Amino acid sequence: MTGDQVLILAVLATVTATFLWGRWRHDLVAMGALLVCVLTGLVPGNEAFSGFGHPAVITVACVLVLGYGLLNSGAVDVLVNRILPKSTGPTVSILALIGLAALLSAFMNNVGALALLMPVAIQMAAKLELPPGKVLMPLAFGSILGGMTTLIGTPPNLIVSEFRAATGAGVFHMFDFTPVGISVAILGTVFVGLVGWRLVPTRERTDTGSFDSGAYLSEVRIVKGSKAAGKHLSEAEQMLDEADAQVVGMIRQGVHITAPNSRRLLAEGDILVIEVEPESLATALSSLGLKLEEDLPAEPEHGIFDDEVEAPKVEKEVLQDAAADEDKNAKDKSRQDEIVIQELVVMPNAFLIGRSAKAIDLRTRYGINLLALSRQGRRSVRRLRSTPIEAGDVLLMQGAPEALSGFASMFGCLPLAARDIRVPKKGQALTAVFIMAAAVGAAAFGLFPVAILFALAVAAYVVIGIVPLRSLYTTVDWPVIVLLAAMLPVANAVATTGTADMIAHFLLDNVTQGHAVLGLVTLMVVTMFLSDLVNNAATAAVMCPIGISTAAQLGVSADAFLMAIAVGASCAFLTPIGHQNNTLILGPGGFRFGDYWRLGLMLEVIVVLVSIPVILWVWPL
136 MTGDQVLILA
146 VLATVTATFL
156 WGRWRHDLVA
166 MGALLVCVLT
176 GLVPGNEAFS
186 GFGHPAVITV
196 ACVLVLGYGL
206 LNSGAVDVLV
216 NRILPKSTGP
226 TVSILALIGL
236 AALLSAFMNN
246 VGALALLMPV
256 AIQMAAKLEL
266 PPGKVLMPLA
276 FGSILGGMTT
286 LIGTPPNLIV
296 SEFRAATGAG
306 VFHMFDFTPV
316 GISVAILGTV
326 FVGLVGWRLV
336 PTRERTDTGS
346 FDSGAYLSEV
356 RIVKGSKAAG
366 KHLSEAEQML
376 DEADAQVVGM
386 IRQGVHITAP
396 NSRRLLAEGD
406 ILVIEVEPES
416 LATALSSLGL
426 KLEEDLPAEP
436 EHGIFDDEVE
446 APKVEKEVLQ
456 DAAADEDKNA
466 KDKSRQDEIV
476 IQELVVMPNA
486 FLIGRSAKAI
496 DLRTRYGINL
506 LALSRQGRRS
516 VRRLRSTPIE
526 AGDVLLMQGA
536 PEALSGFASM
546 FGCLPLAARD
556 IRVPKKGQAL
566 TAVFIMAAAV
576 GAAAFGLFPV
586 AILFALAVAA
596 YVVIGIVPLR
606 SLYTTVDWPV
616 IVLLAAMLPV
626 ANAVATTGTA
636 DMIAHFLLDN
646 VTQGHAVLGL
656 VTLMVVTMFL
666 SDLVNNAATA
676 AVMCPIGIST
686 AAQLGVSADA
696 FLMAIAVGAS
706 CAFLTPIGHQ
716 NNTLILGPGG
726 FRFGDYWRLG
736 LMLEVIVVLV
746 SIPVILWVWP
756 L
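Once you know that position 410 of the sequence shown is 545 in this note's numbering, the rest is easy, because the numbers rise by one and skip nothing.
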């Protein structure tokens with residue numbers, strides 16, 4: 136071995152050991168490895184940060200943003216409501232859930248797909264009286280399997296595609312991975328749904344929540360086209376129950392009915408008072424096509440202290456001055472800026488105590504909507520906008536970030552930590568799906584490079600407002616981007632130093648004995664093993680040069696070997712550290728490090744048995 140080969144092997148060994156140690160974040164370890172390679176001359180200084188402009192890295196960032204856009208628009212909520220069964224046994228429910236996860240993972244980042252469906256999985260486990268882990272692990276594995284089916288489903292596929300382009304054979308296209316990926320995904324999903332979930336150890340969840348605001352009381356209107364119109368209240372209650380929401384009152388033509396008859400027919404214009412957990416709000420609205428009352432066009436409101444006790448003179452002047460300042464530009468600014476949803480807790484001695492949203496002209500003067508109110512202990516029988524605020528109330532507010540921040544400071548409210556609380560918007564959902572489908576279709580026909588197409592889709596999301604400009608950079612998982620960008624030059628060093636050729640020679644001489652099929656199986660198994668210990672993207676980046684060199688020495692096409700690496704790098708099922716999805720379910724599922732292999736080992740065996748014949752058929756040697 137040459138000195139450079141010893142150095143790069145030492146770097147790779149150190150990176151692997153550090154990843155396993157888990158003391159430092161993967162992106163920091165990868166960046167450290169890159170800097171070491173630059174300082175030792177393994178990577179030229181002018182190429183050190185070339186990975187940040189790499190098409191695979193740009194595409195991954197764009198996919199993360201597009202996935203957030205689909206989620207934020209409510210498109211995914213609609214899909215969840217349409218596909219998941221309402222009342223079935225555990226086998227059918229788990230099959231449907233992991234099938235949906237696989238479908239979503241094909242067109243959005245599989246980590247994002249898992250994060251989206253985790254609350255649904257936990258709710259499903261509770262209804263089925265199963266430990267959360269029995270549903271969470273199949274969900275995580277299903278999302279991993281689904282990511283293998285398209286070019287954008289998982290970072291290893293993008294990396295493999297770019298290494299293929301470096302050989303002069305061109306990139307893999309959008310659905311080149313589909314024959315192999317979908318075969319593995321279907322059979323893997325069926326196995327996990329029918330048998331695999333029973334192999335998951337029974338554990339209790341260990342994570343604990345922080346501040347619990349309790350359920351919100353919110354007013355929702357039955358609008359034109361709503362599924363609730365023409366149904367009995369009992370039918371609507373049954374559908375809302377699936378979203379963990381319940382009807383606690385009803386308003387018809389201004390009359391508040393605290394205990395409406397379940398046989399009452401609902402009509403367009405009726406307002407339902409529902410009690411719902413904040414994370415389930417979007418699902419509750421989507422299930423019946425309802426609209427938040429305070430999210431509808433504003434109605435004229437009157438004086439700043441209508442229907443309220445006269446405030447002290449000084450306090451009134453403060454409020455009036457503040458309102459006058461805000462009134463100058465609030466209307467125009469609130470329409471132009473990003474609209475967000477924020478929880479505010481009312482502090483003791485706040486100016487807001489004893490007053491209602493209507494009394495202070497919340498909508499017209501400040502451009503803010505009160506969507507819901509959470510009050511521990513009792514329910515108000517008054518309209519939401521007319522309900523006097525009390526100390527300790529948690530308000531679910533909608534408006535521009537600057538307006539919400541100013542309001543909170545002015546009126547003595549404390550913002551709570553952000554949670555995933557969304558209000559679906561039907562028009563945006565359809566637009567988001569159309570733009571995503573157009574980008575995928577154009578990529579499938581190779582009209583433009585994938586990175587360009589998805590960057591254009593991101594630009595469209597921002598222009599239309601599906602992804603607010605403020606959220607453009609916060610939606611990107613930057614540690615993943617840094618990891619990819621740092622490891623790509625290191626992987627290139629494995630090839631340029633001749634280390635890949637050396638490792639390929641070793642495998643051919645001592646393991647495969649020059650047999651191409653055996654070499655293919657060996658490469659996939661080795662990649663799987665490394666992916667269980669090291670990040671899947673880093674594994675793909677390191678193994679691609681070895682696979683290309685192995686194919687060259689055998690005198691066969693590299694395509695089959697690259698496909699084997701893509702499959703092997705994606706299939707990290709044995710440990711909680713090989714894939715982010717496995718890590719995400721560790722706490723909520725109450726799992727231990729050694730709990731994954733019971734299901735994961737059998738699944739990896741199935742992947743090898745299924746994928747190798749399909750690879751040889753679709754990508755012959």
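Backbone N, C-alpha and C fix where the C-beta goes; we use that ideal spot for every residue, glycine too.
All values derive from a computational prediction rather than experimental measurement.
Per DSSP, the continuous alpha helix (DSSP H) segment holding residue 750 begins and ends at 732-753. The Cβ atoms of residue 382 and residue 371 lie closer than 8 Å to each other.
Exclusion of the five residues before and after residue 325 leaves 230 as the residues of its chain whose Cβ lies within less than 8 Å of its Cβ. In the DSSP assignment, residue 353 forms a beta bridge with 409 and 507. The beta carbon of residue 532 is closer than 8 Å to those of 476, 477, 478, 479, 503, 504, 505, 506, 539 and 542 in its chain, skipping five residues each way along the sequence.
Between the stretch 289-298 and the stretch 329-336, the count of Cβ pairs shorter than 8 Å is below three; the stretches do not touch. When 482, 508 and 483 are compared, the shortest CA-CA separation from residue 492 is found for 508.
Taking a contact to require three or more Cβ pairs closer than 8 Å, the stretch 592-607 and the stretch 238-256 do not qualify as touching. The closest CA to that of residue 687, considering only 182, 723, 643 and 713, is found on 643. Contact check for residue 680 against residue 629 passes: the beta carbons are separated by less than 8 Å. In the three-state DSSP reduction, residue 550 falls in the strand class (E or B). Residue 478 carries a strand assignment under DSSP once its states are collapsed to helix, strand and coil.
Bounds of the alpha helix (DSSP H) holding residue 299 are 290-301. In the DSSP assignment, residue 721 forms no beta bridge with any residue.
Taking C-beta atoms under 8 Å as the contact rule, residue 588 and residue 574 qualify, at a distance of about 5 Å.
Per DSSP, reduced to three states, the secondary structure at residue 265 is coil, with no helix or strand assignment. The shortest CA-to-CA distance from residue 481 to any of 181, 368 and 523 is the one to 523. In the DSSP assignment, residue 391 falls within the unbroken beta strand (DSSP E) covering 390-392. When the alpha-carbon of residue 501 is set against those of 674, 536 and 356, the nearest one is in 536. Within the DSSP secondary-structure output, residue 400 pairs in a beta bridge with 367.
Residue 426 counts as buried, since at least 16 other C-beta atoms from the protein chains shown sit within 10 angstroms of its C-beta. Secondary structure note for residue 136: it is in no beta strand (DSSP E), with a DSSP letter that is neither H nor E. CA-CA distance, residue 286 to residue 495, rounds to 53 Å.
The closest CA to that of residue 546, considering only 353, 226, 489 and 266, is found on 489.
Straight-line spacing of the CA atoms in residue 625 and residue 297 works out to 15 Å.
By the criterion of a C-beta distance shorter than 8 Å, residue 755 is surrounded in its chain by 692 and 695, once the five residues flanking it on both sides are discounted. Sequence-distant partners of residue 742 (beyond 5 residues in either direction) whose C-beta falls short of 6 Å from its own C-beta, in its chain, are 319 and 706.
Note: residue 257 is not bridge-paired with any residue in the DSSP secondary-structure output. Straight through space, the alpha carbons of residue 335 and residue 735 are spaced by roughly 10 Å.
One thing to note: residue 635 has its Cβ within 8 Å of the Cβ of residue 684.
Assigned with DSSP and collapsed to three states, residue 488 falls in strand.
The C-alpha of residue 519 lies about 12 Å from the C-alpha of residue 385.
Excluding residues up to 5 positions away in sequence, 281, 284, 285 and 288 lie with their Cβ nearer than 6 Å to the Cβ of residue 241 in the same chain. Within its own chain, the residues whose Cβ lies closer than 7 Å to the Cβ of residue 583, once the five positions on either side in sequence are excluded, are 577, listed in chain order. According to the DSSP assignment, residue 387 belongs to the beta strand (DSSP E) that extends over 380-387.
Beta-carbon to beta-carbon, residue 189 and residue 620 are separated by about 7 Å, close enough to satisfy the 8 Å threshold.
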